[in-house]
Amino acid sequence: MNKLPKEIIYKIISFTYSPQPKYLTEDIISFYLSKQICNFLYHDYWIIQMGNETLEDKYWLLNNLFNYTNKFLHSIFTRIPLLNTQNKVINYMKCFNKTDINTQINILFGLMTPIERNIFLNTR
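Per numbering that gives the first Met the number 0, the sequence shown starts with residue 0, numbered consecutively.
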């Protein structure tokens, strides 16, 4: 931090004083809590109760997220501003499927709205 120019430091600090819109902070809280609840529930069931191997809980969570978002899977990826055509979504899906499981879960949870996350949690 000491090596940064003071102008950069002041610019960074100015962002710390900018309040975020209420909908954004509610979305961040929803993302965090939904993910924590799902991680706990899936780990408890698949690893602790069922005695499965590590990551089995993550695979089931991702599977259930895909099943839930399947009805709007392509439209959920078009929420990413750069993915505005079907071809771009298909290309993105190819890359998406190569990422690690935690990244995939984070992306799907991040693209869902707080209402969609609540519905997902209530159907599990």
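The beta-carbon is built from N, C-alpha and C at its ideal position, and this holds for glycine as well.
Predicted model, so just to flag it, every value in this text is computed and none were measured.
Between the Cα of M111 and the Cα atoms of G50, Y9 and Y67, which residue gives the shortest distance?
For the purposes of this step, residue 111 is taken as residue 112 along the sequence shown, with counting starting at 1. Per the Cα distances, Y67.
What does the alpha-carbon distance come out to for the pair L120 and S17?
In the sequence shown, the residue the question calls residue 120 occupies position 121. In the sequence shown, the residue the question calls residue 17 occupies position 18. Going by the C-alpha atoms only, they are around 32 Å apart.
With a 10 Å radius around its C-beta and 16 neighbouring C-beta atoms as the bar for buried, classify R78 as buried or exposed.
Reading the sequence shown from its first residue, position 79 is the one you call residue 78. Per the 10 Å Cβ criterion, exposed.
Distance, I12 Cα to E115 Cα:
In the sequence shown, counting from the first residue as 1, residue 115 sits at position 116. In the sequence shown, counting from the first residue as 1, residue 12 sits at position 13. Their backbone Cα atoms lie some 34 Å apart in a straight line.
Just verifying my parser: in three-state terms, what is the DSSP assignment at P80?
The sequence position of residue 80 within the sequence shown is 81, counting from 1. P80 falls in the coil class under three-state DSSP.
I'd like to check one pair, Q103 with F95: are the Cβ atoms closer than 8 Å?
One-based indexing of the sequence shown puts residue 95 at position 96. One-based indexing of the sequence shown puts residue 103 at position 104. The answer is yes: Cβ separation under 8 Å.
Between F71, N83, Q35 and P80, which lies nearest to L60 when the distance is taken from Cα to Cα?
Taking the first residue of the sequence shown as position 1, residue 60 is located at position 61. Looking at the Cα atoms, Q35 is the closest of the given residues.
Residue range of the alpha helix (DSSP H) that includes G109:
Residue mapping note: residue 109 aligns to position 110 of the sequence shown, counting from 1. Where G109 is concerned, the enclosing alpha helix (DSSP H) stretches over I100 to L110.
Check the Cβ-Cβ distances between K5 and every residue of chain D, and say whether any is below 8 Å.
The structure shown has no chain D; it contains just one protein chain.
Please identify the residue among T122, G109 and I118 whose C-alpha is closest to the C-alpha of D26.
For the purposes of this step, residue 26 is taken as residue 27 along the sequence shown, with counting starting at 1. It is G109 whose Cα lies nearest to the Cα of D26.
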